[in-house]
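Quick notes on the structure that follows.
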Amino acid sequence: MTTYVVLTATDTGAGKTWSGVALAIALAESGRKRVVAIKPVETGTSVEPDGGEDGVMLAQATRQDAPKHALYRFRAAVAASVAADREGGAVVWRVLVEEIRRLSAGADIALLEGAGGLMAPITWEKGPLDLAMELKAKAVVAAVDRLGTINHVLLTVDRLKFHGIDVLGVVLSEPERADESTGTNAASLQRMRPGLRMFSVPRLMSPNDGAEYVAELARLI
Numbered sequence: 585m586t587t588y589v590v591l592t593a594t595d596t597g598a599g600k601t602w603s604g605v606a607l608a609i610a611l612a613e614s615g616r617k618r619v620v621a622i623k624p625v626e627t628g629t630s631v632e633p634d635g636g637e638d639g640v641m642l643a644q645a646t647r648q649d650a651p652k653h654a655l656y657r658f659r660a661a662v663a664a665s666v667a668a669d670r671e672g673g674a675v676v677w678r679v680l681v682e683e684i685r686r687l688s689a690g691a692d693i694a695l696l697e698g699a700g701g702l703m704a705p706i707t708w709e710k711g712p713l714d715l716a717m718e719l720k721a722k723a724v725v726a727a728v729d730r731l732g733t734i735n736h737v738l739l740t741v742d743r744l745k746f747h748g749i750d751v752l753g754v755v756l757s758e759p760e761r762a763d764e765s766t767g768t769n770a771a772s773l774q775r776m777r778p779g780l781r782m783f784s785v786p787r788l789m790s791p792n793d794g795a796e797y798v799a800e801l802a803r804l805i
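Residue numbers (our numbering): 585 to 805.
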């Protein structure tokens, strides 16, 4: 039976794809029978899939046969529902979920990376939270270790838990520019939510270098 894990974030640009690549590599290296990483929807893409796209990077991390890129791709760098309206390529929720199940068949773990934050719309009615609920998935939250992240993480984690979704942990990435809160947020969050697992990741040259920092998180899945 496949275990679904939705990788979401506190916001866009919170290190979700880098965290996803690192986690996908850690899972693949953990001796699992099969891990598949899927980006259901991606915006801001080029005409043809290239190595800079999130869905492509995730697929390369697990060396999977399929999918090789995001299931739905839109060129406009806006929310998926807005991009679909602009480009006439509406995301059909039922079809999307069925395709995820088909691609995940036979896998031990299916890692699903959302687009934007937890409540960012995939369709006008559904988003990453709905995907986690429908697939009875667990969740991992990506965030940046900077001022404001305590509020953003708690809003995201509490919303997931309210809907009965098991939050495996928060991947807290070092920001490009540190502020006075950097280095304090992990302990603060654990003090406010005892039991919340935090995984701090330094700034790296490549997401491929991050697997060791999320190896313990991979073992929880």
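Beta carbons: idealized from backbone N, C-alpha and C, even for Gly.
These figures come from a predicted structure and were not determined experimentally.
Grab the span of the alpha helix (DSSP H) containing residue i for me, first residue to last.
i       : result
Ser-772 : 769-776
Ala-802 : 799-804
His-714 : In the sequence on display, residue 714 carries Asp and not His. Note, Asp-714: alpha helix (DSSP H), 712-718.
Ser-688 : 677-688
So if DSSP puts residue i in a beta bridge, which residue, or which two residues, is it bridged to?
i       : result
Leu-591 : Glu-697, Val-724
Gly-753 : Val-724
Met-782 : Val-754
Glu-671 : Looking at the DSSP assignment, Glu-671 forms no beta bridge with any residue, so it has no partner.
Tyr-656 : Val-625
So, helix, strand or coil for residue i, using DSSP?
i       : result
Ala-621 : strand
Gly-604 : helix
Thr-733 : helix
Thr-646 : helix
Arg-743 : helix
Asp-793 : helix
Val-631 : coil
Asp-692 : coil
Val-666 : helix
Gly-599 : coil
Leu-788 : coil
Taking 7 Å as the limit between beta carbons, can you name the residues of its chain near residue i, skipping five residues before and five after?
i       : result
Val-675 : Val-625, Tyr-656, Ala-664, Ala-668, Ile-706, Thr-707
Asn-792 : Val-605, Ile-609
Thr-629 : Glu-637, Arg-657, Phe-658, Arg-659
Pro-786 : Glu-758
Met-703 : Gly-711, Leu-713
Ala-650 : Leu-687
Val-681 : Glu-718
Among the candidates the options, whose CA atom is the shortest distance from the CA of residue i?
i       : options                            : result
Gly-711 : Ala-699, Lys-722, Lys-720, Ala-721 : Ala-699
Asp-763 : Val-741, Arg-730, Lys-745          : Arg-730
Thr-592 : Ile-622, His-653, Gly-767          : Ile-622
His-736 : Leu-756, His-747, Ala-691          : Leu-756
Glu-709 : Lys-652, Val-666, Pro-778          : Val-666
Ala-799 : Leu-780, Glu-760, Gly-753          : Gly-753
Leu-696 : Gly-748, Gly-672, Arg-670, Ala-726 : Ala-726
Leu-804 : Leu-788, Met-789, Arg-781, Ser-790 : Arg-781
What residues in its chain sit with their C-beta under 6 Å from that of residue i, if we drop five residues either side in the sequence?
i       : result
Ser-772 : Ile-734
Ala-694 : Thr-586, Tyr-588, Val-620, Ser-688
Near residue i, what residues of its chain come up, given a Cβ to Cβ distance below 8 Å and the 5 sequence neighbours on each side ignored?
i       : result
Gly-817 : The structure shown does not extend to residue 817, since the chain is modelled only from 585 through 805, so no value can be given for it.
Leu-738 : Leu-773, Met-776, Arg-777
Asp-692 : Thr-586, Thr-587, Arg-616, Lys-617, Arg-618, Val-619
For the ligand COA, I want to know if residue i counts as a neighbour, meaning its beta carbon is within less than 8 Å of at least one of the ligand's heavy atoms.
i       : result
Trp-708 : No copy of the ligand COA appears in this structure; indeed no ligand is present at all.
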